[in-house]
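Participant: Have a look at this one before I ask anything.
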Amino acid sequence: MKINSVNLKYVVAVQENNVISEYKSVEEPQIVFVGRSNVGKSSLINSLSGRVKIARISNTPGKTRQINYYLVNNSFYFVDLPGYGFAKESQAARNNWKNLIEDYFTYTKKILLCFLILDIRNELSLLDRNMADWLDHLNLKHIVVLNKADKLSNNELSQKIPKFQTHFADSRFCTGIFPYSSLTGKGKIELQKIMDVMLSQ
Ligand SMILES: Nc1nc2c(ncn2[C@@H]2O[C@H](COP(=O)(O)OP(=O)(O)OP(=O)(O)O)[C@@H](O)[C@H]2O)c(=O)[nH]1
Ligand SMILES: [Mg+2]
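Numbering (this note's numbering), first residue to last: 503 to 703.
Structure below.
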């Protein structure tokens, strides 16, 4: 897939506990990026887009606290969801996150694919498990992206990847698990091919 243009088109945020419902009007097909805070969702969007700075990244976890819609090639959206499991967050903020995400999945009809992003160095957390189960429950195809693969040696990678494969072996809608590095571009060709297939269907 050749990406010619990527533009931030909509931002949906929580205000005073009420979710702005603009996303209900976003009808175009969407590829969604979900995962724990700081795993590299925004970096993955930048990497796949070939743009260094389209999605904001930061060393401070919890950077993306709203839903950002990036229009790609004027035809579909990359959707950057706020990360879960951000430790320094109030209960109210967590509830807002939950409402926002639940509404997103409830009202968005054309989700082509989800990228569930994990940090390959970490174990699968309960929150990751819940998210994966939820995607299965919603009948949403998802690809597990084991990001930050540049942080591990080849030997460590060959031990880690099968462990994650075991975790997702019973998942009905998980259609692939790929190591990735937004830093080196490892795995990019594989994910591009998957997106091409989804977009052509
Ligand atoms: N080494 C390495 N660092 C990465 C990679 N991807 C992201 N990072 C770093 O991880 C940190 C978090 O990246 P973000 O892309 O902001 O993560 P996020 O998941 O969007 O975070 P939130 O918006 O807070 O949920 C940044 O310091 C990135 O530079 C990667 O593949 N390799
Ligand atoms: Mg982010």
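Backbone N, C-alpha and C define an ideal beta-carbon position, used for all residues, glycine too.
For clarity, every value in this text was computed on a predicted model and none was experimentally measured.
Would you check if there are 3 or more beta carbon pairs closer than 8 Å linking the region 618-627 to the region 569-579?
Facilitator: In short, these stretches do not touch, since the Cβ pair count stays below three.
Participant: Spell out the partners DSSP gives F617 in its beta bridges.
Facilitator: DSSP, once it has assigned bridges, lists F535 and I645 as partnering F617.
Participant: In terms of alpha-carbon separation, which member of N548, D638 and N649 lies closest to F675?
Facilitator: Ranking N548, D638 and N649 by Cα distance to F675 puts D638 first.
Participant: I want to check one thing, is the minimum distance from the CB of S544 to the heavy atoms of ligand 2 below 7 Å?
Facilitator: The answer is yes for S544.
Participant: Hey, how far is the Cα of G552 from the Cα of K590?
Facilitator: Looking at the two C-alpha atoms, the distance is approximately 31 Å.
Participant: With DSSP run on the structure shown, which of helix, strand or coil describes K662?
Facilitator: K662 falls in the helix class under three-state DSSP.
Participant: Pick from I613, S507 and E604: whose alpha carbon is nearest that of I533?
Facilitator: Checked all of I613, S507 and E604; the closest Cα to I533 is I613.
Participant: Please report the distance separating the alpha-carbon of Q694 from that of S683.
Facilitator: Distance between the alpha carbons of Q694 and S683: 14 Å.
Participant: May I ask you to list the residues that DSSP assigns as paired with V541?
Facilitator: According to DSSP, which records beta bridges pairwise, V541 is partnered with nothing at all.
Participant: Could you name the residues that DSSP lists as bridge partners for F580?
Facilitator: In DSSP, F580 forms a bridge with I533 and Y572.
Participant: How should L542 be labelled, buried or exposed, when 16 other C-beta atoms within 10 angstroms of its C-beta is the threshold for buried?
Facilitator: Note on residue identity: the sequence assigns Gly, not Leu, to residue 542. Counting Cβ neighbours within 10 Å, G542 comes out buried, since at least 16 surround it.
Participant: Please list, in chain order, all residues of the same chain as G689 whose beta carbon is under 8 Å from its beta carbon, the five residues on each side excluded.
Facilitator: Same-chain partners within the cutoff: V647, A651, F680, P681, Y682 and S683.
Participant: Is G585 near ligand 1, in the sense that its beta carbon is under 7 Å from a heavy atom of that ligand?
Facilitator: Yes, ligand 1 has a heavy atom inside 7 Å of this Cβ.
Participant: Just to check my reading of the structure: D582 and N597 have Cβ atoms closer than 8 Å, yes? What is that Cβ distance to the nearest angstrom?
Facilitator: Wrong, their Cβ atoms sit about 20 Å apart, outside the cutoff.
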